[in-house]
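Taking it in order: structure first as structure tokens, then the write-up.
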Amino acid sequence: MSTRKCKHISAMASPSVGEAGKTGQWRTSRPVVDQSKCTAAKGRNCYLCSDFCPEGVIPRETPIAIDLTYCKGCGICCEECPAGAITMEPENTGSGDDTPPAGGE
Amino acid sequence: MAVPKTNTDILTGNEAMAVGAKLCRVQVVAAYPITPQSQVTENLSQFVESGKLKAQYITVESEHSALSVCIGASTVGARAFTATSANGLAYMCELIHWAAGARLPIVMGCVNRAMAAPWSVLNDQQDSMSQRDAGWIQIYARNNQEIIDTLIQAYRIAEQLYVPVMVCYDGYILSHTVMPVNVPSQKDVDKFLPAYVPHTILKTADPRNINQVTLADPRNDATGVLCHGYMELRYLLAEAFQKAPDVIRRVDEEYGKTFRRCWGGMTWAYRDEDAEVLLTAAGSIASEATVAVDALRAQGVKAGVRAVRVYRPFPAKELAEHMNRAKLVCVFDKSLSYGYQGPICADVKAALYASAERPAVHGFVAGLGGRDVKARELVEAVKQSVADYDRGVTDKETGWINCQI
Numbered sequence: 004m005s006t007r008k009c010k011h012i013s014a015m016a017s018p019s020v021g022e023a024g025k026t027g028q029w030r031t032s033r034p035v036v037d038q039s040k041c042t043a044a045k046g047r048n049c050y051l052c053s054d055f056c057p058e059g060v061i062p063r064e065t066p067i068a069i070d071l072t073y074c075k076g077c078g079i080c081c082e083e084c085p086a087g088a089i090t091m092e093p094e095n096t097g098s099g100d101d102t103p104p105a106g107g108e
Numbered sequence: 002m003a004v005p006k007t008n009t010d011i012l013t014g015n016e017a018m019a020v021g022a023k024l025c026r027v028q029v030v031a032a033y034p035i036t037p038q039s040q041v042t043e044n045l046s047q048f049v050e051s052g053k054l055k056a057q058y059i060t061v062e063s064e065h066s067a068l069s070v071c072i073g074a075s076t077v078g079a080r081a082f083t084a085t086s087a088n089g090l091a092y093m094c095e096l097i098h099w100a101a102g103a104r105l106p107i108v109m110g111c112v113n114r115a116m117a118a119p120w121s122v123l124n125d126q127q128d129s130m131s132q133r134d135a136g137w138i139q140i141y142a143r144n145n146q147e148i149i150d151t152l153i154q155a156y157r158i159a160e161q162l163y164v165p166v167m168v169c170y171d172g173y174i175l176s177h178t179v180m181p182v183n184v185p186s187q188k189d190v191d192k193f194l195p196a197y198v199p200h201t202i203l204k205t206a207d208p209r210n211i212n213q214v215t216l217a218d219p220r221n222d223a224t225g226v227l228c229h230g231y232m233e234l235r236y237l238l239a240e241a242f243q244k245a246p247d248v249i250r251r252v253d254e255e256y257g258k259t260f261r262r263c264w265g266g267m268t269w270a271y272r273d274e275d276a277e278v279l280l281t282a283a284g285s286i287a288s289e290a291t292v293a294v295d296a297l298r299a300q301g302v303k304a305g306v307r308a309v310r311v312y313r314p315f316p317a318k319e320l321a322e323h324m325n326r327a328k329l330v331c332v333f334d335k336s337l338s339y340g341y342q343g344p345i346c347a348d349v350k351a352a353l354y355a356s357a358e359r360p361a362v363h364g365f366v367a368g369l370g371g372r373d374v375k376a377r378e379l380v381e382a383v384k385q386s387v388a389d390y391d392r393g394v395t396d397k398e399t400g401w402i403n404c405q406i
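Below, the structure is given as structure tokens:
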């Protein structure tokens, strides 16, 4: 545990990945990319999934790889993909241990 | 013979507020017009357009956006001003809490007006009283001179404590009524009010997440600094309110040294030295109570006024000290906490709880939705209360002054 305590009178922190905890734990369904349909994977400039992602967890790189540690599963990438290459699939429903925690670590 | 130079103008309450904001050299104004506040925004937009006030006047589509703009401006170090009334204040509600939690010293003029429904553009104090727990300092002015003086004081108070301040004054009764107002010189105001320094200077080289999500407990940030949790930050806000009464009193005293006018700090009094009965209220109705006190004294009732100038933080100790000498306190609220009592009345009772010898407190609701409150009505209410008290009635139901039902 740090001994350096903040002196701010309002909430303030240096920005970093995962500032609000592992938000991927909030997800109830996950985006799955079919690389055979992906426009960017075919060498064309698309990356609409990356542009529209509100969490910034889709790098503009091929093959498209979504960082599931912080993806909240909102489904916007799936909605925006012009090639229908992204589908939302349920997370472990029915296994009994899939209740998303309230807010990360 | 040379006529002595004076800087006394004949101003409405709204004009006094706008001129005051100009003298404070506010840098960002964002406000949405609403009756009875509109004249404040009109005057300020004229000042900005004519170059008399070097500020950004940001036009917005709503009060929610108006206060949002002030929050952004104040965060990056601009002195920000807004003003509103009633439903406009209600529309700001989310941001009212935000400004306090973010510790932004925004000053707002709240021109008190009744809350709909039914629609009323006329005065009572339900709007600001309903925001009492939001973390803003609330000061109620009794006349137009106090409006301009309090606004200048408000920036000093806000920027010292990093707590936003609402300067409240009664719609129409003050906002649209002209009075002689001594307008301080720009030179004196500049001397009294130093430039605003934000509590945190944001730099692009050292970016920050501000007002980010906090979880239940304090957490380390990416650089290993243990950041306060929500509860710690709220404690610090409460702590600022603990310091506020002394700051408010000191600012009022210092204001007096420069401008030869003081307004009592947290409370003010009229003929209360030997008073057995005290009339308590906030704003213009407390001025009316001074007229009632003169009439009561003429009829042999030893009455006085002990008025609330600052409602949050509540001047509990100060009121208790002065009220414990009386036998009866009559509180006149221009608002109501439905299902309980007038908010000032309930707070006065709580303030007296720790006193071994305390007066009886009788509460009244008056002047809702612009119903005129006459001094003689206050006189009648107090005389009835004294008669009840003399019969041994120490507590009674909230009285409704001139409610014709």
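Chain order of the listed sequences is A and B.
So the first sequence is residues 4 to 108, counted in the working numbering.
So the second sequence is residues 2 to 406, counted in the working numbering.
The beta-carbon is built from N, C-alpha and C at its ideal position, and this holds for glycine as well.
Contact set between residue i and chain A, taken where Cβ atoms lie within less than 8 Å
| i | result |
| --- | --- |
| Asp222 (chain B) | Cys9, Ala16, Ser17, Ser19 and Glu22 |
| Thr201 (chain B) | His11, Ser13 and Met15 |
| Leu237 (chain B) | Ile12 |
Under 7 Å between C-beta atoms of residue i and residue j
| i | j | result |
| --- | --- | --- |
| Ile86 (chain A) | Lys40 (chain A) | It should be pointed out that residue 86 (chain A) corresponds to Ala in this sequence rather than to Ile. Their beta carbons are under 7 Å apart, which means Ala86 (chain A) touches Lys40 (chain A) by this criterion. |
| Val394 (chain B) | Gly364 (chain B) | no |
| Tyr33 (chain B) | Val61 (chain B) | yes |
| Val182 (chain B) | Ala22 (chain B) | no |
| Asp218 (chain B) | Ser17 (chain A) | no |
| Arg220 (chain B) | Cys228 (chain B) | yes |
| Lys335 (chain B) | Asp134 (chain B) | no |
| Ala80 (chain B) | Val164 (chain B) | Note on residue identity: the sequence assigns Arg, not Ala, to residue 80 (chain B). Contact: no. |
| Asn325 (chain B) | Arg359 (chain B) | yes |
| Gly230 (chain B) | Pro37 (chain B) | no |
| Arg262 (chain B) | Asp150 (chain B) | yes |
| Glu94 (chain A) | Thr31 (chain A) | yes |
| Ala287 (chain B) | Val380 (chain B) | no |
Classification of residue i by the beta-carbon crowding that lies within 10 angstroms, buried from 16 upward
| i | result |
| --- | --- |
| Ile138 (chain B) | buried |
| Leu203 (chain B) | exposed |
| Gln187 (chain B) | exposed |
| Gly107 (chain A) | Confidence at Gly107 (chain A) is low in this model, with a pLDDT of 42, below 50, so the placement of that residue should be treated as unreliable; the coordinate-derived value is given next. Label assigned to Gly107 (chain A): buried. |
| Ala206 (chain B) | exposed |
| Tyr341 (chain B) | exposed |
| Asp295 (chain B) | exposed |
| Trp120 (chain B) | exposed |
| Ser176 (chain B) | buried |
| Pro66 (chain A) | exposed |
| Gln113 (chain A) | Nothing in the structure corresponds to residue 113 (chain A), since chain A is present only between 4 and 108. |
| Gly136 (chain B) | buried |
| Asp396 (chain B) | exposed |
| Ile11 (chain B) | exposed |
| Tyr354 (chain B) | exposed |
| Glu378 (chain B) | buried |
Where residue i meets chain A, residues with beta-carbon distance less than 9 Å
| i | result |
| --- | --- |
| Leu96 (chain B) | Within chain A, no residue comes near Leu96 (chain B); the closest Cβ sits about 14 Å away, beyond 9 Å. |
| Leu234 (chain B) | His11, Ile12, Ser13 and Ala14 |
Residues near residue i in its chain [Cβ-Cβ closer than 7 Å; skip 5 each side]
| i | result |
| --- | --- |
| Val387 (chain B) | Val278, Val302 and Leu329 |
| Val349 (chain B) | Thr281, Leu320, Val330, Val332 and Val362 |
| Val60 (chain A) | Ile69, Asp70, Tyr73 and Cys74 |
| Arg250 (chain B) | Gly266 and Met267 |
beta-carbon residue i near the ligand SAH non-hydrogen atom, thresh 6 Å
| i | result |
| --- | --- |
| Ile79 (chain A) | The ligand SAH is not part of this structure, which contains no ligands at all. |
Where residue i meets chain D, residues with beta-carbon distance less than 7 Å
| i | result |
| --- | --- |
| Tyr163 (chain B) | Protein chains in the displayed structure are A and B, and chain D is not among them. |
Own chain residues within Cβ distance below 6 Å of residue i, not counting five before or after
| i | result |
| --- | --- |
| Tyr156 (chain B) | Cys25, Val108 and Leu194 |
| Thr42 (chain A) | Cys49 and Ala86 |
| Ile174 (chain B) | Asn124 and Ser285 |
| Pro314 (chain B) | Phe242, Ala245 and Pro246 |
| Cys87 (chain B) | Just to set this straight, residue 87 (chain B) is Ala in the shown sequence, not Cys. Around Ala87 (chain B): Arg114, Met116 and Asp128. |
| Val49 (chain B) | Ala56 and Tyr58 |
Neighbour list for residue i in chain A, Cβ cutoff strictly below 7 Å
| i | result |
| --- | --- |
| His363 (chain B) | Ordered by position in chain A, no residue passes the 7 Å Cβ test against His363 (chain B), which lies about 41 Å from the chain. |
| His323 (chain B) | Within chain A, no residue comes near His323 (chain B); the closest Cβ sits about 33 Å away, beyond 7 Å. |
If the cut-off is 8 Å on Cβ atoms, which residues from the stretch 47–76 of chain A count as contacting chain B, listed in chain order? Within the stretch 47–76 of chain A, no residue has a Cβ that lies closer than 8 Å to any Cβ of chain B.
Of the residues that make up the stretch 204–216 of chain B, which ones have a beta carbon closer than 9 Å to any beta carbon in chain A? Hits within the stretch, in order: Asp207, Pro208, Arg209, Asn210, Ile211, Asn212, Gln213, Val214, Thr215 and Leu216.
Where the stretch 155–184 of chain B meets chain A: residues whose CB sits under 8 Å from a CB there: Cβ contacts with chain A come from Tyr163.
Check each residue of the stretch 81–114 of chain B: if its Cβ is closer than 9 Å to any Cβ of chain A, include it; give the result in chain order. Of all residues in the stretch 81–114 of chain B, only Gly102, Ala103, Arg104 and Leu105 come within less than 9 Å of chain A when Cβ atoms are compared, listed by chain position.
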